[in-house]
């Protein structure tokens with residue numbers, strides 16, 4: 001039985017996207033509390049004598065409030081994250097609905113039944129409280145606070161016209177102000193947390209790019225140190241040979257012979273630099289993988305066997321490349337929370353196994369691997385080894401590399 005499509009879609013998202021969806025829906029569910037509040041107030045025994053107009057008006061206001069609340073929250077979060085402009089139209093519609101509902105409830109209250117005013121006095125502030133959420137997310141803090149004060153100032157006359165005394169009105173507005181502040185601050189913090197998660201993800205990507213750039217700079221610096229002096233010497237000796245040749249001096253041939261020797265030496269030094277750059281040490285790669293994975297919040301489990309185990313240099317180098325490529329795949333192609341690297345020795349082979357979770361489910365996962373894995377296969381095959389991708393648990397990926405052991409071990413693993 002396959003995994004349901006919604007679950008596959010959820011697993012295919014990265015951690016920042018999952019966090020954003022979770023936080024978004026926490027705000028959407030907050031907006032959906034309005035109908036529950038209406039039902040709770042209407043279920044009160046004191047609300048049985050309310051007029052149908054007030055009942056239906058309250059229900060319609062709450063329903064529209066849910067739709068507008070989710071609509072505004074969606075746009076407000078996108079604006080906060082810099083994905084769209086300020087949703088002026090949506091905020092204006094939400095503000096108009098909140099004002100119209102508040103005024104209608106307060107003005108209809110005295111005429112909707114003997115005990116309707118307490119109901120209206122409870123429902124109208126609730127609508128204003130829910131209105132404050134998207135406003136607090138979309139607007140800067142100071143402007144959101146001014147908008148809240150303006151809403152309270154525009155609602156106060158309705159309470160006075162409805163016959164609510166000044167003391168009650170003052171207490172009511174104070175309570176609404178506190179509710180709006182707390183609800184707005186909660187929504188604002190939720191949006192802020194969403195932004196922080198995306199910024200951390202961007203910082204991790206930037207860190208990876210900087211690491212690559214640093215490695216390129218190191219390589220270019222090594223090439224400069226190797227070739228800079230030799231190329232300068234070649235240029236000077238070539239110019240000297242030209243001058244000597246024009247004068248018919250036999251020393252010109254000696255200078256060109258020296259140029260040839262320096263060029264060959266430079267060629268050899270460049271090969272040594274490239275060979276050193278392309279050589280991977282198993283222990284160094286394992287230590288680097290552990291540091292990189294932990295920095296990416298991936299739990300890393302390393303098991304290289306007994307400390308006195310030794311491996312030949314060629315085996316260490318190839319397995320080091322396996323660890324490097326596997327670590328890159330974990331960071332690039334999964335949302336892993338755990339990764340294990342295990343080395344075991346048989347009678348004639350060293351077997352390295354790397355396994356991680358957080359792999360999106362796919363109907364037919366590729367078994368051949370990508371370009372990086374193809375390169376590893378070629379590298380292993382050149383030394384008599386092999387690379388396999390055995391079946392792993394659902395949502396996991398396993399890579400196994402086997403290398404033949406030399407007759408005599410030479411280089412310690414640790």
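In UniProt numbering, the protein residues as written are 1 to 414. Heads up, the beta-carbon is just placed ideally off N, CA and C, and yes, glycines get one too. Nothing here was measured: the structure is a model prediction, and the numbers come from that model.
(Q) In the DSSP assignment, the beta strand (DSSP E) including residue 350 goes from what residue to what residue? (A) 349-356
Q: Tell me whether residue 178 is buried or exposed, calling it buried when 16 or more other Cβ atoms sit within 10 Å of its Cβ.
A: exposed
Q) Going by C-alpha distance, which of 376, 231 and 398 is nearest residue 334? A) 398
Q) Quick one: what does DSSP say residue 269 is sitting in, helix, strand or coil? A) helix
Q) So, residue 426 versus residue 130, is the Cβ gap smaller than 7 angstroms? A) Any property of residue 426 remains undetermined from this structure, which presents the chain solely from 1 to 414.
**Q.** Where residue 414 sits in the DSSP three-state scheme
**A.** Per-residue confidence for residue 414 stands at a pLDDT of 45, beneath the threshold of 50, marking its modelled position as unreliable; no derived number is given.
Q | Those residues which DSSP pairs with residue 341 across a bridge | A | 302 and 354
Q) First and last residue of the alpha helix (DSSP H) that includes residue 325? A) 313-333
(Q) Would you say the beta carbon of residue 81 is closer than 6 angstroms to some non-hydrogen atom of the ligand NAD? (A) As for the ligand NAD, it is missing from this structure, which has no ligand bound.
Q) Taking C-beta to C-beta, are residue 339 and residue 282 nearer than 7 angstroms? A) no
(Q) If you measure between the beta carbons of residue 98 and residue 139, is that distance less than 7 angstroms? (A) no
Q) Going straight from the alpha carbon of residue 165 to that of residue 84, what length do you get? A) 44 angstroms
Q | Residues bridged to residue 73 (per DSSP) | A | According to DSSP, residue 73 bridges with nothing at all.
Q: Count the other C-beta atoms from every protein chain shown that fall within 10 angstroms of the C-beta of residue 319, then say buried if there are 16 or more, exposed otherwise.
A: buried
Q. So does the stretch 184-201 actually touch the stretch 13-24, counting three or more Cβ pairs closer than 8 angstroms?
A. yes
**Q.** Residue span of the alpha helix (DSSP H) that contains residue 415, given as start and end
**A.** Here the chain covers residues 1 to 414 and nothing more, so residue 415 does not appear.
**Q.** residue 21 classed as buried or exposed, judged by whether at least 16 other C-beta atoms fall within 10 angstroms
**A.** exposed
Q: Out of 330, 260 and 306, state which residue places its alpha-carbon closest to the alpha-carbon of residue 289.
A: 330
**Q.** Residues sharing a beta bridge with residue 386, DSSP
**A.** 402
Q. To which residues does DSSP link residue 397 through a beta bridge?
A. 356
Q: Could you pull out every residue in the same chain whose Cβ sits closer than 8 angstroms to the Cβ of residue 284, ignoring the five residues on either side in sequence?
A: 320
(Q) By the three-class DSSP mapping on this structure, what secondary structure does residue 34 have? (A) helix
Q | Cβ-based neighbour list, residue 356, same chain, cut-off 7 angstroms, excluding 5 preceding and 5 following | A | 330, 334, 336, 338, 339, 396 and 397
Q) Can you tell me where the alpha helix (DSSP H) with residue 87 in it begins and where it stops? A) Residue 87 -> no alpha helix (DSSP H), and no H or E assigned at all.
Q) If residue 161 and residue 107 are in contact, beta carbons under 8 angstroms, what's the gap, nearest whole angstrom? A) 6 angstroms
Q: Could you check how far apart the C-beta atoms of residue 385 and residue 402 are, in whole angstroms? I think they sit under 8 angstroms.
A: 6 angstroms
Q.
Is it the case that the stretch 183-197 contacts the stretch 152-159, given that we only count it when at least three CB pairs across the two stretches are under 8 angstroms?
A. no
Q.
Within a Cβ cutoff of 7 angstroms, which residues of the same chain sit near residue 392, ignoring the five residues on either side of it in sequence?
A. 355 and 398
Q.
Tell me the rounded alpha-carbon separation between residue 34 and residue 56.
A. 14 angstroms
Q: Check whether the Cβ atoms of residue 147 and residue 135 sit closer than 7 angstroms, and answer yes or no.
A: yes
Q: Determine the extent of the alpha helix (DSSP H) in which residue 140 is found, giving its start and end residues.
A: Unbroken run through residue 140: none, as it is neither H nor E.
(Q) Between the alpha carbons of residue 366 and residue 389, how many angstroms are there, rounded? (A) At residue 366, the pLDDT of 44 sits below 50, so the modelled position is not reliable; the number obtained from the coordinates is stated separately. Residue 366 and residue 389: Cα-Cα distance of roughly 10 angstroms.
Q.
Under 8 angstroms, with one C-beta from each stretch per pair, do the stretch 243-259 and the stretch 297-306 reach the 3-pair mark?
A. no
Q. What's the gap between the Cα of residue 77 and the Cα of residue 137?
A. 7 angstroms
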